[in-house]
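Visitor: FYI, in the working numbering the residues of the sequence shown are 4 to 296.
Cβ atoms here follow ideal geometry from the backbone N, Cα and C, with glycine treated the same way.
I'd like to ask you about the structure that follows.
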Amino acid sequence: MTRFNKFVKNASIVLAIIGLGFFVFDIVIFSRLQPRMVVFNVLTQAEENLFFGTGAGLLVYLGFCISALLHIANYLRKAPEVKFRYIALVVGIILSLLFVFSDFALMNDIVKQYRLGLSQPEWLLVYVLMGFQVVTLCVYLIVQRVSLSKEVLLQQVALDSNIYLAAQYIGLVCGFIGLSFSVLGFIFPGGWNLAVHTTITMIILLIPYALAVGYWLITKIQEKKLLYDEKQLQDIGKSSFLTLIVSAAIMISLFIANYNNLAGITSMLWLPVLLFSILFLFSLGNIYFSWKE
């Protein structure tokens, strides 16, 4: 194990333990403040500071997600095969990373609505998202202890198909979430904001995929190999063709369905729909063809 890989592994474990402690702290603080905030009791300055202090734990958790993804990525480079539990863990960590930004947004909404004397339905979603993040953190610690530290790795870096395949799974998840979020815009057009819900969301959802592709490119440069082998080139060609056909059908359907209202919510969502449908379909095609003989 290289010095960098060992550092990433140890950092992930330390940040996971600290993050778990922060989540316990957050739950205790929320259980004290929520009953008072929903009935609009006045909070002291110390209580307000405690509420905003819970954000520090989310920053620690963000660091954990990044280091854990690097740790698993380094492992997959020398793993004999990409097992489902590692892909599932990567997907869980990616979702948890994206949920960190949702946590901040929800907490900000809670404070605004409390100060305006409005109801705060976001509390339930905060607990759900943080519960998922705690479960992901605990699963990582278990997998790290039981599997990642004990399985025999290849002496030489495996074919880049491991990292390549992991990047496709990440693209699949980010594309699916982006498409699902875009659908919400058509369901609730009145509350949609171009800057927050379209622009910022696109950037956040593309970050994990960009990191995965960037890591894959770095490994290719280090190994001084061609970007794609013959099988991957064939898979990419098939996936690109299918993506072109299906994404074009989606956009034509969107155009026809909103023909009389193209200046409405469609003007804010056509790009996310196009972008995430391409990402989802392209990644799905590559995964399917990579497993098909």
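Which stretch, first to last residue, makes up the alpha helix (DSSP H) that contains Q136?
Guide: First-last of the alpha helix (DSSP H) with Q136: 125-146.
Visitor: Can you tell me whether DSSP reads Y231 as helix, strand or coil?
Guide: Three-state DSSP puts Y231 in coil, outside helix and strand.
Visitor: Less than 8 Å between the CB atoms is what I'm expecting for I75 and V94, so what's the real figure, rounded?
Guide: Between V94 and I75 the Cβ distance is about 11 Å, and since that is not below 8 Å, they are no contact.
Visitor: Between the C-alpha atoms of Y89 and F43, what's the straight-line distance to the nearest angstrom?
Guide: Whole-angstrom Cα-Cα distance: 45 Å.
Visitor: Check K86 in the structure and name its three-state DSSP category.
Guide: Correct three-state label for K86: coil.
Visitor: Can you tell me the Cα-Cα spacing of A260 and V249, whole angstroms?
Guide: Distance between the alpha carbons of A260 and V249 is about 16 Å.
Visitor: DSSP three-state label for Q159, please.
Guide: Caution is warranted here: a pLDDT of 48 is assigned to Q159, below 50, making its placement in the model unreliable, and the coordinate value is therefore given only provisionally. Coil at Q159, not helix or strand.
Visitor: Using a threshold of 7 Å, state whether the C-beta atoms of F55 and A19 are closer than that.
Guide: Their beta carbons are not under 7 Å apart, which means F55 does not touch A19 by this criterion.
Visitor: Given a threshold of 16 other Cβ atoms within 10 Å of its Cβ, counted over all protein chains shown, does K86 qualify as buried or as exposed?
Guide: Looking at its Cβ environment, which holds fewer than 16 other Cβ atoms inside 10 Å, K86 is exposed.
Visitor: Taking A169 as the reference, give the member of C141, Q147, P211 with the closest Cα.
Guide: Out of C141, Q147, P211, P211 has the C-alpha closest to the C-alpha of A169.
Visitor: Classify C141: buried if its beta carbon has 16 or more other beta carbons within 10 angstroms, exposed otherwise.
Guide: C141 should be labelled exposed.
Visitor: Nearest-angstrom Cα distance between F135 and S99?
Guide: Those two C-alpha atoms are separated by around 7 Å.
Visitor: For N264, count neighbouring Cβ atoms within 10 angstroms of its own Cβ and tell me buried if that reaches 16, exposed if not.
Guide: Classification of N264: exposed, given that the 10 Å Cβ count is below 16.
Visitor: According to DSSP, is I268 part of a helix, a strand, or is it coil?
Guide: Looking at I268 - three-state DSSP - the assignment turns out to be coil, as it is neither helix nor strand.
Visitor: Would you check if the segment 177-185 and the segment 270-287 touch, i.e. whether three or more CB-CB distances between them fall below 8 Å?
Guide: With the cut-off at 8 Å, the segment 270-287 and the segment 177-185 touch.
Visitor: In angstroms with no decimal places, state the Cα-to-Cα distance between V155 and G60.
Guide: The pLDDT assigned to V155 is 49, lower than 50, so where the model puts this residue is not dependable; a value taken from the coordinates is nonetheless given after this. One C-alpha to the other measures close to 34 Å.
Visitor: What is the DSSP secondary structure of G240, counted as helix, strand or coil?
Guide: Three-state result, G240: helix.
Visitor: Contact defined as beta carbons within less than 8 Å: I believe V129 pairs with L109. What is the distance between those atoms, to the nearest angstrom?
Guide: Sure, about 5 Å apart at Cβ, within 8 Å.
Visitor: If I measure Cβ to Cβ from I207 and keep anything under 8 Å in the same chain, skipping five residues before and after, which residues do I get?
Guide: If we look at I207 and ignore the five residues flanking it on each side, its Cβ neighbours are L101, F104.
Visitor: Rounded to a whole number of angstroms, what is the C-alpha to C-alpha distance between V160 and Y218?
Guide: Here V160 scores only 48 on pLDDT, less than 50, and its place in the model should not be relied on; the value that follows carries that caveat. Computed Cα separation, rounded: 14 Å.
Visitor: State buried or exposed for G24, treating a residue as buried only when at least 16 other CB atoms are found within 10 Å of its CB.
Guide: It is exposed - the Cβ of G24 has fewer than 16 other Cβ atoms within 10 Å.
Visitor: If you drop the 5 nearest sequence neighbours on each side, which residues of the same chain put their C-beta closer than 6 Å to that of T269?
Guide: Around T269: N261.
Visitor: Check G120 in the structure and name its three-state DSSP category.
Guide: G120 falls in the coil class under three-state DSSP.
Visitor: Helix, strand or coil: how does DSSP classify T201 here?
Guide: In the structure shown, T201 sits in a helix (DSSP, three-state: H, G or I).
Visitor: In this structure, does DSSP put W195 in helix, strand or coil?
Guide: Coil.
Visitor: Exposed or buried, N111, counting other C-beta atoms within 10 Å across all chains shown (16 or more means buried)?
Guide: By the 10 Å Cβ count, N111 comes out exposed.
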